[in-house]
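>
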Amino acid sequence: MDTYTHVSEGEGNQNTGSIKNKFNKKKKIFRNKALVKVSYIPEKISNIVHRDDVIDKLQDCLLDVSDNLSPNNIIIYGKMGTGKTVVTSLVLKDLQEVANENGIKLTILNVNCEGLSDNGVLGMINNALIYEIDGKIKDTIGNSMSRNSINLKKYYNKLDGLLIIVLDEIDKIKNPNIINQLMRTISTKNQQPPCLIMITNNINFKDYLAGHTKSVMAENEIQFNPYDAEQISDILKARAKEAFYPNVLAEMVIPLCAALAAQEHGDARKAMNLVLKSGEVAEIKGKETIEEEDVREANEIIEIDRITEIVKTLPTQSKVVLYSIILLRSKGREGKNVTTGEMYNVYRQLCHHLDIDILTQRRVTDLVSELDMLGLINSIVMHKGRYGRMKEVSLSIPFENTRKILLEDYRLRSLEDFKASVFNKMFSEF
DNA sequence: CCTCCACCGGAACGTGAGGAGT
DNA sequence: ACTCCTCACGTTCCGGTGGAGG
17 MDTYTHVSEG
27 EGNQNTGSIK
37 NKFNKKKKIF
47 RNKALVKVSY
57 IPEKISNIVH
67 RDDVIDKLQD
77 CLLDVSDNLS
87 PNNIIIYGKM
97 GTGKTVVTSL
107 VLKDLQEVAN
117 ENGIKLTILN
127 VNCEGLSDNG
137 VLGMINNALI
147 YEIDGKIKDT
157 IGNSMSRNSI
167 NLKKYYNKLD
177 GLLIIVLDEI
187 DKIKNPNIIN
197 QLMRTISTKN
207 QQPPCLIMIT
217 NNINFKDYLA
227 GHTKSVMAEN
237 EIQFNPYDAE
247 QISDILKARA
257 KEAFYPNVLA
267 EMVIPLCAAL
277 AAQEHGDARK
287 AMNLVLKSGE
297 VAEIKGKETI
307 EEEDVREANE
317 IIEIDRITEI
327 VKTLPTQSKV
337 VLYSIILLRS
347 KGREGKNVTT
357 GEMYNVYRQL
367 CHHLDIDILT
377 QRRVTDLVSE
387 LDMLGLINSI
397 VMHKGRYGRM
407 KEVSLSIPFE
417 NTRKILLEDY
427 RLRSLEDFKA
437 SVFNKMFSEF
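See the structure below:
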């Protein structure tokens with residue numbers, strides 16, 4: 017496969033390799049690349065398409081601010097790439113402006129909960145609050161829970177006016193009870209409680225809240241539905257108009273990107289990334305237009321990147337399990353299905369070779385299930401009558417690529433010489 | 001029709017790491 | 001420094017499972 021080298025042949029003119037040549041060619045595709053980057057946030061809410069209903073609803077939920085009242089808490093649901101974060105931040109930006117114009121004091125804090133501990137969330141809110149009040153930047157969140165709580169109370173009392181706290185990816189925190197704690201900590205008799213806007217892609221998030229936490233929160237709920245292919249098409253068109261030079265995109269590029277992204281629950285971010293990558297593929301080839309083949313190639317690159325990331329971050333044991341499947345599917349055994357029994361035997365040999373713990377078969381079946389869920393392998397339960405019940409596994413990702421990625425792990429590197437001859441000898445011993 | 005293979009997968013339990021509270 | 005608690009990761013135990021072969 018040739019997915020990593022996009023240098024097309026047959027254009028070997030005398031200028032190949034000259035940076036000037038590359039520079040000039042490069043300019044022909046993107047007019048403003050930033051617009052199709054995933055991180056791009058439009059300036060105005062009016063730039064957002066197909067989200068009128070939720071924008072409307074969110075605005076309504078926040079209207080209490082006009083009466084100088086703290087709005088009720090809000091939970092925003094929606095899968096990845098449905099525009100939750102962007103819509104929220106733009107609506108709040110507008111709200112802040114309107115509040116300023118009307119002399120209403122309003123503070124908005126943004127905290128992304130991903131990767132934070134429960135206490136970390138409190139700490140981040142704390143720091144954001146301190147920054148708003150004193151303008152001091154604190155880069156540590158390492159206070160104890162109790163100290164964070166005390167500080168939070170202290171600074172919230174100092175705060176003049178309304179407070180809205182946006183908790184993005186709130187499902188990532190381990191203990192949802194923290195929300196209750198936050199409300200308890202921060203609410204005082206002579207002050208209005210803050211408004212929490214909780215953003216999550218987990219539809220069951222509310223169920224995780226304990227009963228009393230749930231009752232504390234008289235919340236509004238807003239659901240962001242996935243985009244369909246047509247809507248993604250519109251979003252892409254709007255951005256592509258500015259992002260690319262005229263006539264760069266072949267007619268079917270956008271519908272194809274939209275269709276590919278819509279297959280996976282209407283993720284607009286994925287679609288945007290695909291357009292970007294397609295442009296880059298065409299750019300590297302030195303082309304002036306983006307065509308279907310570039311999109312397909314870009315899609316493949318994205319997929320390989322995704323798989324690489326997953327495989328790289330697998331625990332060692334899972335890597336060894338995966339490697340034993342690869343071994344069993346390699347030389348001399350093409351077409352033969354791998355059964356869990358065989359696989360477990362090879363796995364044990366590999367562990368022995370690597371000098372690492374050998375897990376029980378029970379545990380390994382769980383690892384196999386996990387690999388299946390990650391989409392790295394396919395497994396089907398087979399009933400072979402007298403010959404028992406077992407799973408047949410096969411790799412659902414590129415063979416050689418995966419092997420290379422696995423061997424990059426220093427703990428598995430010594431498997432490199434564990435090839436056919438050794439393997440065949442070993443296998444004949446079973 | 002019954003047996004029995006060779007593993008599946010649920011349940012309960014053990015263990016060590018790490019964080020919170022004192 | 002200490003206890004307590006939670007959680008991830010593993011193990012042990014054991015009741016299934018569907019069809020080939022007797």
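Numbering (this note's numbering) for the first sequence: 17 to 446. Built from N, CA and C at the ideal position, the CB exists for glycine as well. Since this is a predicted model, take the numbers as computed values, not measurements.
Entirely within the stretch 364-426 and at least 3 residues each: give me those beta strand (DSSP E) ranges in chain order.
Correct list: 393-399 and 405-411.
> Consult DSSP for I57 and reduce its assignment to one of helix, strand or coil.
Here I57 sits in coil by DSSP.
> Going by beta carbon distance, what residues of the same chain come within less than 8 Å of E27, once the five residues before and after it are set aside?
Per-residue confidence for E27 stands at a pLDDT of 42, beneath the threshold of 50, marking its modelled position as unreliable; no derived number is given.
> Is it true that the stretch 105-125 meets the stretch 173-181, where meeting means three or more beta-carbon pairs spaced less than 8 Å apart?
Segments in contact, yes.
> How would you write the range of the alpha helix (DSSP H) that Y339 sits in, first residue to last?
Start and end: T332 to R345.
> Note down, in chain order, each residue of its chain lying with its Cβ closer than 7 Å to the Cβ of K253, except the 5 sequence neighbours on either side.
Here the set comprises I270.
> With which residues is I92 paired in a DSSP beta bridge?
Answer is I215 and I238.
> According to DSSP, is V269 helix, strand or coil?
Helix, per DSSP.
> Under the DSSP definition of a beta bridge, which residues are partnered with F46?
F46 is bridged to F260.
> Here's the rule: buried if 16 or more other CB atoms are within 10 angstroms of the residue's CB, otherwise exposed. What is E307?
The residue is buried, with at least 16 neighbouring Cβ atoms inside 10 Å.
> State yes or no: is the C-beta of I393 within less than 8 Å of the C-beta of L366?
Going by C-beta atoms, I393 is not nearer than 8 Å to L366.
> Quick one: residues in its chain with C-beta nearer than 7 Å to the C-beta of Q239, no 5 flanking neighbours on either side, listed in chain order?
Taken in chain order, the residues that qualify are Y93 and G94.
> On the three-state DSSP scale, how would you describe D110?
D110 falls in the helix class under three-state DSSP.
> In three-state terms, what does DSSP make of N315?
If DSSP states are grouped into helix, strand and coil, N315 belongs with the helices.
> Under 8 Å, do L108 and I61 count as touching if we go by C-beta distance?
Taking 8 Å as the Cβ cut-off, L108 and I61 do not qualify as a contacting pair.
> How would you write the range of the alpha helix (DSSP H) that I300 sits in, first residue to last?
It spans A284 to I300 - the alpha helix (DSSP H) in which I300 sits, taken as one unbroken run.
> Can you tell me whether T355 is helix, strand or coil according to DSSP?
Three-state DSSP puts T355 in a strand.
> Could you tell me the distance, in whole angstroms, from the CA atom of A274 to the CA atom of R285?
If I take the Cα positions, the gap works out to 11 Å.
> Please go through the same chain and pick out, in chain order, the residues whose beta-carbon is closer than 8 Å to the beta-carbon of I141, but skip the five residues on each side of it.
Answer for I141: L125, V127, L168, I181 and L198, listed in chain order.
> Decide yes or no for the touch test of the stretch 42-61 against the stretch 285-299: beta carbon pairs closer than 8 Å, at least 3 of them.
Yes, the stretch 42-61 is in contact with the stretch 285-299.
> For D244, which residues from the same chain have a beta carbon less than 7 Å from its beta carbon, with the 5 sequence-adjacent residues on both sides left out?
A278 and G282, listed in sequence order.
> Taking the beta carbon of L344 as the centre, do at least 16 other beta carbons fall within 10 Å, making it buried, or is it exposed?
Under this definition L344 is a buried residue.
> By how many angstroms is the C-alpha of P87 removed from the C-alpha of T332?
Those two C-alpha atoms are separated by around 49 Å.
> Would K420 and V384 qualify as a contact pair, given that the criterion is a beta-carbon distance under 8 Å?
Taking 8 Å as the Cβ cut-off, K420 and V384 do not qualify as a contacting pair.
> Pull up the CB-CB distance for L422 and L370, whole angstroms please, since I reckon it's below 8 Å.
Wrong, their Cβ atoms sit about 12 Å apart, outside the cutoff.
> What did DSSP end up calling D187 once you bin it into helix, strand or coil?
Reduced to three states, the DSSP call for D187 is helix.
> Does N167 come out as helix, strand or coil in the three-state DSSP assignment?
Here N167 sits in helix by DSSP.
> Going by the DSSP bridge assignment, what does T123 pair with across the sheet?
Bridge partners of T123: L179.
> For T216, is the classification buried or exposed, using 16 other Cβ atoms within 10 angstroms of its Cβ as the cut-off for buried?
The residue in question, T216, is buried, as its Cβ has 16 or more Cβ neighbours within 10 Å.
> How is the alpha helix (DSSP H) around V70 delimited, first residue to last?
From DSSP, the alpha helix (DSSP H) with V70 extends over D68 to C77.
> Any idea what DSSP makes of I64, helix, strand or coil?
Coil.
> Bridge partners of N128, per DSSP?
Looking at the DSSP assignment, N128 forms a beta bridge with D184.
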